[in-house]
Amino acid sequence: MGRRSVTGESSSRRRTRRLGRPFFDRPTVTVARALLGSELRVRDADGVRRARIVETEAYVANDPASHAYRGPTPRNRSMFEAPGTLYVYRIHQVDCANLVTRRGEAVLLRSGEPLSPQEGNPSGPGRLCRYLGLGLADDGANARRSRRVGVWSRARRPGRIVVGPRVGLSRARARLLRFAIDGDPWVSAPRLRSGSVRRDLIPPRRRTSAV
DNA sequence: CTTCAGATTATCT
DNA sequence: GATAATCTGAAGT
């Protein structure tokens, strides 16, 4: 905790913009990859918290691991709203945030690099929300329009993207729908390593311990 | 109404 | 690596 990585600035700067419908209204895997390197901003009375997204997971149609798998319920209602909607849920006393892509599909924001002056650890979906001040109250807000929450395009290119199995699931373990910036120190455990997973290969089920 | 597993994390061996 | 914490949503009776 309290670490801040040095992120070679200035060299390949880009103009950033708030991401809108064309960004979110695409296949979920596309959005999950495109979100890497983008910036999440949450405004409150004290100012703006910012984090650079370094790890995501895709939850797609007909996905047994998705909260939307059995159709709309009171909890997952936001997953069936417009692209860019925040779906925030609570598990084991922590809140986790998703961005909706297409109907019933979303991208879980798994970890980020802290960009605000405030120290903190946004590595892990619960910690990311806590660092940014995101919570259940934000469920249903739309990041395309919200004054409080927004996603901003990459200021610089991310490095290589690595792919692997999603974390913490008991079902659909074989699907490679977790994406991260290779080597980024803020990627959550278990760490993905380049070359450790073949994108086109479905690994056999393991009895214990993932990755 | 009751049961139960869970898109996590802190802490221990 | 393994487990407890701690509680809610959703499915079952």
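Residue numbers (our numbering): 1421 to 1631. Using N, Cα and C, we set each Cβ at its ideal position, and we do this for glycine too.
- For residue 1527, the enclosing beta strand (DSSP E) has its first and last residue at 1526-1534.
- Distance from the CA atom of residue 1510 to the CA atom of residue 1594, rounded to whole angstroms, is 25 Å.
- The alpha-carbon separation between residue 1551 and residue 1482 amounts to approximately 32 Å.
- Distance from the CA atom of residue 1581 to the CA atom of residue 1467, rounded to whole angstroms, is 31 Å.
- In this structure, residue 1535 keeps its C-beta atom at 7 Å or more from the C-beta atom of residue 1527.
- Look at residue 1608 here: in three-state DSSP terms it is coil, with no helix or strand label.
- Here residue 1590 is exposed: its Cβ has fewer than 16 other Cβ atoms, across all protein chains shown, within 10 Å.
- If you draw a straight line from the Cα of residue 1588 to the Cα of residue 1499, it is about 20 Å long.
- Exclusion of the five residues before and after residue 1464 leaves 1553 as the residues of its chain whose Cβ lies within less than 6 Å of its Cβ.
- For residue 1599, DSSP records a beta bridge to 1476 and 1583.
- Sequence-distant Cβ neighbours of residue 1488 in its own chain, meaning closer than 6 Å and more than five residues away, are 1496, 1499 and 1524.
- Close CB contacts of residue 1567 within its chain, under the 8 Å cut and outside five residues either way in sequence, are with 1463 (chain order).
- Of the other Cβ atoms in all chains shown, 16 or more fall within 10 Å of the Cβ of residue 1505; this residue is therefore buried.
- By a beta-carbon distance limit of 8 Å, residue 1503 contacts residue 1441. Their separation comes to about 6 Å.
- Residue burial annotation: residue 1459 is buried, with at least 16 other C-beta atoms found within 10 angstroms of its C-beta.
- Apart from sequence neighbours up to five positions away, the residues of its chain that approach residue 1476 with a beta-carbon distance below 7 Å are 1452, 1455, 1456, 1527, 1528, 1529, 1530 and 1599, ordered along the chain.
- Rounded to the nearest angstrom, the gap between the Cα atoms of residue 1575 and residue 1514 is 29 Å.
- Within a 10 Å sphere around the beta-carbon of residue 1493 sit fewer than 16 other beta-carbons, which makes this residue exposed.
- Straight-line measurement puts the Cα of residue 1560 at about 32 Å from the Cα of residue 1579.
- Just so you know, the alpha carbons of residue 1577 and residue 1603 end up roughly 14 Å apart.
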